[in-house]
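Residue numbers (the numbering used here): 880 to 1446. Glycine included, each C-beta is placed from N, C-alpha and C at the ideal position. Some notes on the structure that comes next.
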RNA sequence: GCUCCCGUAGUUCAAUGGAUAGAACAGAGCUCUUCUAAGGCUUUGAUGUAGGUUCGAUUCCUACCGGGAGCACCA
């Protein structure tokens, strides 16, 4: 039984003695450590019913709890307007630290998600289009969410839903045929390494849109070529294959640099193409679609949402149809109880609400098993980056810039530090927040940053290593030798933080916690000489440092941030 | 026009309906003969406006004001 349940039960028992049948008893951490480790507000909640003052009622409850002697609780206090605060005992902290040292990289993990499957769909770049800064956010956040859920015991399927089908390939083919050639694309080596071909393709795509403004019939030409591609035309297929190959090379380079975990499935839209007919039949059978102005749309009860188009008037399908096919497939392949998470930009929020609603109507997935994590925009001064306007920001250049800035600190690990800084900048705040892109803030090596955390972790590890060298004698127990530190009072919370981050699909809780505990560690470090052979308490300080290094390393791991050996 | 999200310190962000609203950067002042000073300590400074619900509201509700996004053949 965990400590929170213990406290809840103790409080409930006390209330029962006072003849109160309590519903939910809330046990939470006080905002300020000076108010103890846990607290409850039951006195405030129930005092009104009894028509007595909260403080008096709190006193009554406290009297009963004092007699009970709750395990791991040292001290009870009444504070504020009637809160009852619990202080954990040194025995609790000692056992917790033993636990951390024993479990090491598993500390904070659980089997909460045992036998449950989760598909996390993220990154999902489009073939022959740039890997944008938006895809970067999706990749970083999606990877971290998957890490966290995996740590909580879920079986994770990491899915990259590539945009590898659709009318844009008609455009691409037209552009290559008109202004370039297959050979040209193959041979384009004018730009660095793998990026060369990719940049040529994107330039052509941008050019297509510029030319269309003067010459609208290009659109018709593109539609024709896409039709040919769908029918298996040889030339169309050849050009298509080259664009896919060039794009994948580029994407894989980015993934390698970002050091994200490999994807389990890479089913693009083309993969689901053959299943579209089945989806349209399901919709027909369910009778939820209506024709309007020639196109087929699904309308929602009471106009809860605007209608969603699932088939164009020319019979062609849309992204929505392909997404529905995707989840029909997932239902079959992984089972209806699987949790399906999509990480995309917030601009798709309404769209996903509509999709979830429809999937419930069709019986693919219940709404409770569908999650959309929407990330906000990254803006520069010139506004949102757009493929069509040609205002493309190349991701590899973004990564290079971060790494270049990290070089000032340490040439050898600049890649690790620069990438870590970029990742942490995305993960330290709520996903839905917009980010104003500012290099001075992102790779600022001070403050709330990735490098600060990397530094704190490396520093702690280096102290532990040194302690081993000078052979500080590690005592079995040093209870009488130490006072409880802030560090101890934060360390045990790590599993709670991971749990919350997983439950809310929000890595920023972990990021914020790591900042807080690192600050506590650095404070501890500044105030104590940790290694001192002549001081018996030194052993405990080393152990504490060791425990900290484990917790921060586990946290950084979940965020997908690498830890250098030296810094 | 309708819908959703966001308005917290000079700036960038936190805060599970709770206690004195936390950090970081920037500003002011300290702090390295000390295991990593990329650190630590002190200090200045904030909930858009007006109501409502509540013992208690940054959090929930209503209206308004600012900013962003979405809403029929894109993905």
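Where does residue 1281 fall in DSSP's three states?
Within the first chain, the letter at position 402 stands for residue 1281. Helix at residue 1281.
Tell me whether residue 1043 sits in a helix, a strand or coil according to DSSP, three-state version.
Taking the first residue of the first chain as 1, we reach residue 1043 at position 164. DSSP places residue 1043 in coil when its eight states are reduced to three.
Which listed residue (983, 1017, 1123, 986) has its alpha carbon closest to that of residue 1043:
In the first chain, the residue the question calls residue 1043 occupies position 164. When only C-alpha atoms are compared, the closest one is 1123.
Near residue 931, what residues of its chain come up, given a Cβ to Cβ distance below 7 angstroms and the 5 sequence neighbours on each side ignored?
Indexing the first chain from 1 puts residue 931 at position 52. Here the set comprises nothing.
Give me the Cα-Cα distance between residue 1018 and residue 1002, rounded to the nearest whole angstrom.
Mapped onto the first chain, residue 1018 falls at position 139. Mapped onto the first chain, residue 1002 falls at position 123. The straight-line gap from Cα to Cα measures roughly 4 angstroms.
Grouping DSSP H, G and I as helix and E and B as strand, with all else coil, what is residue 1287?
Walking along the first chain from the start, residue 1287 turns up at place 408. Of the three classes helix, strand and coil, the one that applies to residue 1287 here is coil, per DSSP.
Can you list, in chain order, the stretches of the alpha helix (DSSP H) that have 4 or more residues and sit fully within the segment 1164-1237?
1198-1213
Where does the unbroken alpha helix (DSSP H) through residue 958 begin, and where does it stop?
Walking along the first chain from the start, residue 958 turns up at place 79. Run containing residue 958: none in the alpha helix (DSSP H); it sits in the beta strand (DSSP E), 952-958.
Per DSSP, residue 1253 forms a beta bridge with which residues?
Reading the first chain from its first residue, position 374 is the one you call residue 1253. According to DSSP, which records beta bridges pairwise, residue 1253 is partnered with 1223.
Assign residue 1344 to buried or exposed, taking buried as 16 or more other Cβ atoms, counted over all protein chains shown, within 10 Å of its Cβ.
Along the first chain, read from residue 1 onward, the residue named residue 1344 stands at position 465. With fewer than 16 other Cβ atoms within 10 Å, it is exposed.
Within a Cβ cutoff of 7 angstroms, which residues of the same chain sit near residue 885, ignoring the five residues on either side of it in sequence?
If you number the first chain from 1, residue 885 lands on position 6. Excluding sequence neighbours, residue 885 sits near 949, 950.
Using 8 angstroms as the threshold, is the segment 978-988 in touch with the segment 1423-1434, meaning 3 or more CB pairs across them?
yes
Can you give me the C-alpha to C-alpha distance between residue 1208 and residue 905, rounded to a whole angstrom?
Residue 1208 sits at position 329 when you count from the first residue of the first chain. Residue 905 sits at position 26 when you count from the first residue of the first chain. Roughly 42 angstroms separates the two Cα atoms.
Threshold first: 3 residues or longer. Then list the beta strand (DSSP E) segments lying entirely within the segment 885-957, N to C.
917-919
Let me know the beta strand (DSSP E) ranges lying completely inside the segment 964-1013, each 3 residues or longer, listed in chain order.
996-1000
Can you check whether the CB of residue 974 is closer than 8 angstroms to the CB of residue 964?
Indexing the first chain from 1 puts residue 964 at position 85. Indexing the first chain from 1 puts residue 974 at position 95. Their beta carbons are not under 8 angstroms apart, which means residue 964 does not touch residue 974 by this criterion.
Within the same chain, show all residues whose beta-carbon is closer than 8 angstroms to that of residue 938, passing over the 5 residues directly before and after it, in chain order.
Position 59 of the first chain, counted from the start, is the residue given in the question as residue 938. Closer than 8 angstroms at Cβ, skipping near neighbours: 957.
Through-space distance from residue 1076 to residue 1100, alpha-carbon basis
On the first chain, residue 1100 is found 221 positions in, with the first residue counted as 1. On the first chain, residue 1076 is found 197 positions in, with the first residue counted as 1. Computed Cα separation, rounded: 24 angstroms.
Pick helix, strand or coil for residue 1065, following the three-state DSSP scheme.
Your numbering for residue 1065 matches position 186 in the first chain. Here residue 1065 sits in helix by DSSP.
Ignore the nearest five residues each way along the sequence and tell me which others in residue 1245's own chain have a CB closer than 7 angstroms to its CB.
Working through the first chain from its first residue, we reach residue 1245 at position 366. 1239, listed in sequence order.
Near residue 1142, which residues of its chain fall below 6 angstroms by C-beta distance, leaving aside the five closest residues on each side in sequence?
Stepping through the first chain from its first residue, residue 1142 is reached at position 263. Only 1037, 1039 meet the Cβ criterion.
Scan the segment 1310-1389 and note each continuous alpha helix (DSSP H) run of 4 residues or more that stays entirely inside, going in chain order.
1318-1321, 1329-1348, 1365-1370, 1373-1382
Give the straight-line distance between the Cα atoms of residue 1370 and residue 1302, rounded to the nearest whole angstrom.
One-based indexing of the first chain puts residue 1370 at position 491. One-based indexing of the first chain puts residue 1302 at position 423. Going from the Cα of residue 1370 to the Cα of residue 1302 covers about 24 angstroms.
Pair within 8 angstroms by beta-carbon distance, residue 1155 and residue 1204
Reading the first chain from its first residue, position 276 is the one you call residue 1155. Reading the first chain from its first residue, position 325 is the one you call residue 1204. Their beta carbons are under 8 angstroms apart, which means residue 1155 touches residue 1204 by this criterion.
Pick helix, strand or coil for residue 1150, following the three-state DSSP scheme.
Position 271 of the first chain, counted from the first residue, corresponds to residue 1150. DSSP places residue 1150 in helix when its eight states are reduced to three.
Under a three-way DSSP split, which group does residue 962 fall into?
Here the question's residue 962 lines up with position 83 in the first chain. Strand.
Pairing CB atoms from the segment 1044-1060 with CB atoms from the segment 1102-1110, are three or more of them under 8 angstroms?
yes
Apart from the five residues on each side of it in sequence, which residues of its chain come closer than 8 angstroms, Cβ to Cβ, to residue 1359?
For this step, residue 1359 is matched to residue 480 along the first chain. Low confidence applies to residue 1359: its pLDDT is 43, below 50, so where it sits in the model is not reliable, and the reading given next is rough at best. Contacts found: none.
Can you tell me which of the three DSSP states residue 1034 falls into?
Numbered from 1 along the first chain, position 155 holds the residue referred to as residue 1034. Three-state DSSP puts residue 1034 in a strand.
Taking the straight line between their C-alpha atoms, what separation do you get for residue 1293 and residue 1286?
As a working note, residue 1293 is residue 414 in the first chain. As a working note, residue 1286 is residue 407 in the first chain. For residue 1293 and residue 1286, the distance between alpha carbons rounds to 5 angstroms.
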